[in-house]
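A.B. asks: To start, I am sharing the structure in question, which I have written as structure tokens.
There are 2 protein chains.
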Amino acid sequence: MAGTRERIIETSAELFRRQGYAATGVKQIVTAAQAPFGSIYHHFPGGKEQLGAEAVRTSGALYELLMPAIFDPAPDLVSAVRAFFAGAAEHLRETGYEDACPIATVALEVSSRSETMRLACADVFESWIAAGVPRFTAAGLDDHQARELVVGMISALEGAFVLARATRSIEALHIAGEQTVAAVERALNA
Amino acid sequence: MAGTRERIIETSAELFRRQGYAATGVKQIVTAAQAPFGSIYHHFPGGKEQLGAEAVRTSGALYELLMPAIFDPAPDLVSAVRAFFAGAAEHLRETGYEDACPIATVALEVSSRSETMRLACADVFESWIAAGVPRFTAAGLDDHQARELVVGMISALEGAFVLARATRSIEALHIAGEQTVAAVERALNA
DNA sequence: CCTCCACTAGATTGATCGCTCTAGCGAGTA
DNA sequence: TACTCGCTAGAGCGATCAATCTAGTGGAGG
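Chains as they are written, first to last, in the working numbering: chain A, 24 to 213; chain B, 24 to 213.
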């Protein structure tokens, strides 16, 4: 079997995203991943915490790819931002409001309990920001403006996910998207 | 002893906010609340889920009071929004990045696992929006504009909390606050 | 061939989970 | 005093938790 370790990480990431870190048992992970129980502690001697941190970093890296995938083919920055939020809203609705941010739940859960995992989450957020900034500077904004807009965009998206998942509505995502678009337009026209 | 039930709810709400729903055990709650174990199931026959839902609604109602407390004494809407984010940032920093939103962690955790608790979270968010809207219409905005700005404000705050807690920095809160202020100013000057 | 080792496989551990159970306390009524 | 009843008090339930343990498998190197 090729990639037991990878399969465990991917399955963990999926489960963590839907139900969080604490609510997901190691047994549930191996069952869903169709992996033997013992393999967990062979591949992840640090136990559940190490597995959690790796799952966060892996799905974080995967989502970072959305930046080039969405922003680079777009005709302009504003269209890209709009597509970014529209895509998130569509995906959330399509998955029955299950698949929002892959790490937000975990980030809130563990940031007071596990420094290892908190750092993994912080690194992922910082990598998303770093991946987003050049797409904004390329549109003529300076580094400071670009960072502020990217951080604002990610914050708006994450918060809208929270409301959207609880209320089963993509209203918050639409609003957050349009307000981010307005912020970008304002910076471009200054 | 006056208010064992209330003490249990308040303690639960605090623990849920810091570490989430699944990671908080009933035993931990009774220990922290200095309450007898049996009292939990006397006061909350629905078990942990009922306790969780009540904790969400109670702390939600408590936070709803921030709307009048911050917006009504402010000289104008923009100052109020600024104070709203500044207060959140200060409180988060003062508590060592522990006390962010009282229900966001729970909302993300349970919205795919417990319909009872998901509804409690959704009701709380909707009540916050309902409490915020009149403060925005009082400044001359129409209902539709007001709701969009309030939903955007809460989304921005929630998302900034996620980033702030993970990165141990209030940068995201400052940015989210200023972008919300800009959105309000734009609506007022239109 | 044999050895070695990465990996699979799952039984088993002690601790902890949410929850149920019975017992009894103490204030109120008669 | 006698009885009720809201609540306290915690022992104990079966289930499940993360993690450890030993045993065994299969392919590569010599």
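Note that the Cβ used here is the ideal one computed from N, Cα and C, for glycine as well.
#1: Answer yes or no: do V49(B) and I63(B) have a C-beta to C-beta separation smaller than 8 Å?
#2: Quick one: which unbroken alpha helix (DSSP H) runs of 4-plus residues sit fully inside the region 112-153 of chain B? Chain order, please.
#3: Is the region 193-203 of chain A in contact with the region 85-99 of chain B, if contact means three or more CB pairs nearer than 8 Å?
#4: Taking only beta carbons into account, state which residues of the region 33-49 of chain B come closer than 7 Å to chain A, listed in chain order.
#5: Report the residue from A46(A), F107(A), I126(A) and A153(A) whose alpha carbon sits nearest the alpha carbon of T203(A).
#6: Thinking C-beta only, is T190(B) closer than 8 Å to F148(A)?
#7: Only counting the same chain, and skipping five residues up and downstream in sequence, which positions put a Cβ closer than 8 Å to that of H167(B)?
#8: Which of helix, strand or coil does DSSP assign to I177(A)?
#9: How long is the line joining the alpha carbons of R170(A) and R209(A), rounded to whole angstroms?
#10: Grab me the residues of A56(A)'s own chain with a C-beta within less than 7 Å of its C-beta, minus the 5 sequence neighbours each way, in chain order.
#11: For F67(A), which of helix, strand or coil comes out of DSSP?
#12: Residues of the region 158-180 of chain A in Cβ contact with chain B at a cutoff of 8 Å, in chain order, please.
#13: Nearest to S137(A) by alpha carbon, out of R188(B), I52(B), R28(B) and E72(B)?
#14: Can you look up T54(A) in the DSSP assignment and give me helix, strand or coil?
#15: When DSSP labels each residue in this structure, what does R41(A) get in the three-state scheme?
#16: Specify the secondary structure class of N212(A) as computed by DSSP and reduced to three states.
#17: Are G175(B) and L211(B) close, meaning C-beta to C-beta below 8 Å?
#18: With a cut-off of 8 Å, does the C-beta of F108(A) fall near any C-beta of chain B?
#19: Which of the three DSSP states is assigned to S102(B) in this structure?
#20: Along chain B, in chain order, which residues have C-beta atoms closer than 7 Å to that of L206(A)?
#21: Mind reading off the beta-carbon distance from A179(A) to A111(B)? Whole number of angstroms is fine, and I expect it under 8 Å.
#22: If you draw a straight line from the C-alpha of V129(A) to the C-alpha of P157(B), how long is it?
C.D. replies: The answer reads as follows:
#1: The residue given as residue 49(B) occupies position 26 in the second sequence. The residue given as residue 63(B) occupies position 40 in the second sequence. Yes.
#2: 127-133
#3: no
#4: R41, Q42, G43, A45 and A46
#5: As a position in the first sequence, residue 203(A) is number 180, starting the count at 1. Ranking the options by Cα distance to T203(A), first place goes to F107(A).
#6: As a first step, residue 148(A) must be located in the first sequence, where it is residue number 125. As a first step, residue 190(B) must be located in the second sequence, where it is residue number 167. Yes.
#7: Residue mapping note: residue 167(B) aligns to position 144 of the second sequence, counting from 1. Closer than 8 Å at the Cβ level, and outside the excluded window around H167(B), lies no residue.
#8: Locating residue 177(A) in the first sequence gives position 154, where the first residue counts as 1. Helix at I177(A).
#9: Here residue 170(A) refers to the residue found at position 147 when the first sequence is read from its first residue. Here residue 209(A) refers to the residue found at position 186 when the first sequence is read from its first residue. For R170(A) and R209(A), the distance between alpha carbons rounds to 15 Å.
#10: Start at 1 with the first residue of the first sequence, and residue 56(A) comes out as number 33. Excluding residues within five positions, the ones whose Cβ falls inside 7 Å are R30, I31 and T34.
#11: The residue you call residue 67(A) lines up with position 44 of the first sequence. In the structure shown, F67(A) sits in coil (DSSP, three-state: anything other than H, G, I, E or B).
#12: E171, V174, G175, I177, S178, A179 and L180
#13: Taking the first residue of the first sequence as 1, we reach residue 137(A) at position 114. If we check each option's Cα against that of S137(A), R188(B) comes out closest.
#14: On the first sequence, residue 54(A) is found 31 positions in, with the first residue counted as 1. Residue state, collapsed to three classes: helix.
#15: Taking the first sequence and counting its residues from 1, the one referred to as residue 41(A) is at position 18. Of the three classes helix, strand and coil, the one that applies to R41(A) here is helix, per DSSP.
#16: Taking the first residue of the first sequence as position 1, residue 212(A) is located at position 189. It is coil, neither helix nor strand.
#17: Start at 1 with the first residue of the second sequence, and residue 175(B) comes out as number 152. Start at 1 with the first residue of the second sequence, and residue 211(B) comes out as number 188. No. Outside cutoff.
#18: The residue given as residue 108(A) occupies position 85 in the first sequence. Closer than 8 Å: no.
#19: Position 79 of the second sequence, counting from 1, holds the residue named residue 102(B). Note: S102(B) maps to helix in three-state DSSP.
#20: Sequence index remark: in the first sequence, residue 206(A) carries index 183 (1-based). Before going further, note that residue 206(A) is Ala rather than Leu in the sequence given. In chain order: Q202 and A205.
#21: Translated into positions along the first sequence, residue 179(A) becomes position 156. Translated into positions along the second sequence, residue 111(B) becomes position 88. Contact flag wrong, Cβ pair sits at about 15 Å.
#22: For this step, residue 129(A) is matched to residue 106 along the first sequence. For this step, residue 157(B) is matched to residue 134 along the second sequence. Cα to Cα, V129(A) sits roughly 34 Å from P157(B).
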